[in-house]
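4 is the number of the first residue of the sequence shown in the working numbering; add one for each residue after it. Idealized CB from N, CA, C, for every residue including glycine. Read the structure below first, then the notes.
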Amino acid sequence: MGVLTKHRTTTAAGVIAAFVLVLVFGSPPYGDWARDNASGTSALDWFLTLLTWPSWDFDADLPVRDIFAIMLRAILVVVFTAVFLAVLAGQTARNSAGQLLAGWAAYIFAGASAGLLTAIIQSNPSTLGAFEAAASGAAYGLFTGWIVGLASFGSPGRRRV
4 MGVLTKHRTT
14 TAAGVIAAFV
24 LVLVFGSPPY
34 GDWARDNASG
44 TSALDWFLTL
54 LTWPSWDFDA
64 DLPVRDIFAI
74 MLRAILVVVF
84 TAVFLAVLAG
94 QTARNSAGQL
104 LAGWAAYIFA
114 GASAGLLTAI
124 IQSNPSTLGA
134 FEAAASGAAY
144 GLFTGWIVGL
154 ASFGSPGRRR
164 V
């Protein structure tokens with residue numbers, strides 16, 4: 004029972020962190036703020052803009068397929084994080100550093116997968132566009148996934164089995 008509880012807690016903590024990242028930094032108010040205030044050439048400006056990648060903001064001038072793809076991408080990042088964390092948590096059950104890396108990797112995989120799948124349903128899809136979307140999602144996961152990794156690492160209920 005202890006191992007099962009630990010997997011569920013690690014997965015839940017990572018999914019909550021992913022949900023908060025997408026909810027807060029993908030929101031229209033944050034996206035507007037980032038466009039207005041983080042448009043410089045510094046690394047911080049780049050990072051603050053990167054946080055908006057799984058936005059659930061949409062422009063009314065976009066085709067319906069693109070609006071659907073944008074919204075679905077934000078949802079899929081959280082869903083795929085749950086799937087990959089559930090798979091990876093079992094592999095790192097006795098290793099705390101492994102939990103950190105599993106959470107981080109799960110977010111990289113989730114971003115890449117969400118980008119790839121939603122690029123296919125956007126208007127005018129192309130293979131190159133799908134690869135670029137997957138690369139953007141992987142970059143997003145690489146530079147923000149440490150937050151999910153820390154949440155997975157520091158999840159309550161972790162105990163030695």
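Please classify L47 as buried or exposed, where buried requires at least 16 neighbouring CB atoms within 10 angstroms.
Residue burial is scored here from C-beta neighbours: L47 has fewer than 16 other C-beta atoms within 10 angstroms and is therefore classed as exposed.
Are W149 and L120 touching if we call contact CB-CB under 9 Å?
Against a cut-off of 9 Å, the Cβ pair of L120 and W149 comes out as no contact.
Taking only runs of the alpha helix (DSSP H) that begin and end inside the segment 73 to 131, which ones reach a length of at least 4 residues, in chain order?
The DSSP assignment places complete alpha helix (DSSP H) segments of no fewer than 4 residues inside the segment 73 to 131 at 99 to 124, in order along the chain.
Rounded to a whole number of angstroms, what is the C-alpha to C-alpha distance between G43 and F50?
Their backbone Cα atoms lie some 11 Å apart in a straight line.
Which residue from A108, F134, I123 puts its Cα closest to that of I73?
Measuring from the Cα of I73, the nearest candidate turns out to be I123.
Quick one: Cα of T52 to Cα of S99, how far?
Looking at the two C-alpha atoms, the distance is approximately 31 Å.
Taking the C-alpha atoms as reference points, what is the distance between F67 and A85?
Here residue 67 turns out to be Val, not Phe, going by the sequence shown. Straight-line Cα distance between these residues: approximately 27 Å.
Option in L153, S155, G152, F112 with minimal Cα separation from A136
Here the closest residue by C-alpha is F112.
Buried or exposed for S58, going by 16 or more other Cβ atoms inside 10 Å?
The C-beta of S58 has 16 or more other C-beta atoms within 10 Å across all chains shown, which makes the residue buried.
Among D62, A20, T12, which one has its Cα closest to the Cα of V80?
Measuring from the Cα of V80, the nearest candidate turns out to be A20.
Can you tell me the Cα-Cα spacing of V90 and L65, whole angstroms?
L65 has its alpha-carbon roughly 36 Å from the corresponding atom of V90.
Status (buried if at least 16 other CB within 10 Å, exposed otherwise) for T147:
Answer is buried; the Cβ neighbour count reaches 16.
Range covered by the alpha helix (DSSP H) that runs through A37
It spans 31 to 40 - the alpha helix (DSSP H) in which A37 sits, taken as one unbroken run.
Put G43 into one of helix, strand or coil per three-state DSSP.
G43 carries a coil assignment under DSSP once its states are collapsed to helix, strand and coil.
Residues of its chain near F156, where Cβ-Cβ distance is below 7 Å and the 5 sequence neighbours each way are ignored
Around F156: S99, Q102, L103, G106.
If you measure between the beta carbons of A117 and R76, is that distance less than 9 Å?
Taking 9 Å as the Cβ cut-off, A117 and R76 qualify as a contacting pair.
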